[in-house]
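Undergrad: Numbering-wise, the sequence shown is residues 65 to 240 according to my numbering.
Even for Gly, the Cβ is constructed at its ideal location relative to N, Cα and C.
Dropping the structure in here first, questions after.
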Amino acid sequence: MERTGIVTSHGRPLTLVGTDLDVGAHAPDFTVLDGSSQEVRLSDHGGKIKVISVTPSLDTPVCDLQLRRFNSEAANLPAGIVVMNVSMDLPFAVSRFCTAAGIDRVLALSDHRDASFGLAFGVLIKESRLLARSIFILDRDNVVRYREIVPDLSSHPDYEKALQALQAMVSVSKAA
65 MERTGIVTSH GRPLTLVGTD LDVGAHAPDF TVLDGSSQEV RLSDHGGKIK VISVTPSLDT
125 PVCDLQLRRF NSEAANLPAG IVVMNVSMDL PFAVSRFCTA AGIDRVLALS DHRDASFGLA
185 FGVLIKESRL LARSIFILDR DNVVRYREIV PDLSSHPDYE KALQALQAMV SVSKAA
């Protein structure tokens with residue numbers, strides 16, 4: 065499935081490929097690679113709230129800041145929440161970046177092999193085979209509770225809005 069009119073790069077329209085996964089949808093499983101080229105699946109984190117930060121490439125200033133911001137925020141999150149960053153960067157580049165940047169709270173993952181995540185979440189960019197900058201928050205049952213696909217790749221996501229949505233989920237989870 066191809067969709068247009070959602071994302072641009074410096075004003076140039078781009079095409080997103082994959083399932084249009086919206087709030088309320090059940091997130092499908094996907095397989096990505098960690099920095100050691102080991103497979104990681106969404107299903108590996110069953111029973112946890114998942115924050116998925118999506119970046120086009122860690123080798124850009126906005127992506128760098130996005131991952132660092134979520135790494136910093138993750139340090140203050142309660143147990144039962146996993147924070148992931150998915151990009152199309154090669155696993156060795158993800159590992160190198162995380163080591164140099166001191167990323168130790170976020171699982172930085174590569175979708176380069178099969179675009180499994182990008183297609184499953186509908187954020188694969190046809191023109192570049194990168195991922196559209198976005199944030200997804202999934203509940204313990206993998207239902208999408210928050211989604212932001214940033215309209216222009218060069219812009220930051222709304223960190224505060226995403227963190228407020230996460231906090232609301234944590235509060236509901238504690239009350240249940």
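Alpha carbon to alpha carbon, what distance is there between M233 and D153?
TA: About 30 Å.
Undergrad: Can you tell me whether A143 is buried or exposed? The criterion is at least 16 other CB atoms within 10 Å of its CB, across all chains shown.
TA: A143 should be labelled exposed.
Undergrad: Using the Cα positions of K112 and S121, report the straight-line distance between them to the nearest angstrom.
TA: The straight-line gap from Cα to Cα measures roughly 26 Å.
Undergrad: State the start and end residues of the unbroken beta strand (DSSP E) segment that holds V146.
TA: From DSSP, the beta strand (DSSP E) with V146 extends over 145-151.
Undergrad: How would you write the range of the beta strand (DSSP E) that L141 sits in, first residue to last?
TA: Careful: L141 lies outside any beta strand (DSSP E) and carries neither H nor E.
Undergrad: Excluding five sequence neighbours on each side, which residues of the same chain lie with their C-beta closer than 7 Å to the C-beta of A138?
TA: Closer than 7 Å at the Cβ level, and outside the excluded window around A138, lie V147, R169, V170.
Undergrad: Excluding the five sequence neighbours on either side, which residues of its own chain have a C-beta within less than 6 Å of the C-beta of S217, listed in chain order?
TA: Per the sequence shown, residue 217 should be read as Leu rather than Ser. Closer than 6 Å at the Cβ level, and outside the excluded window around L217, lie S73, P120, R197.
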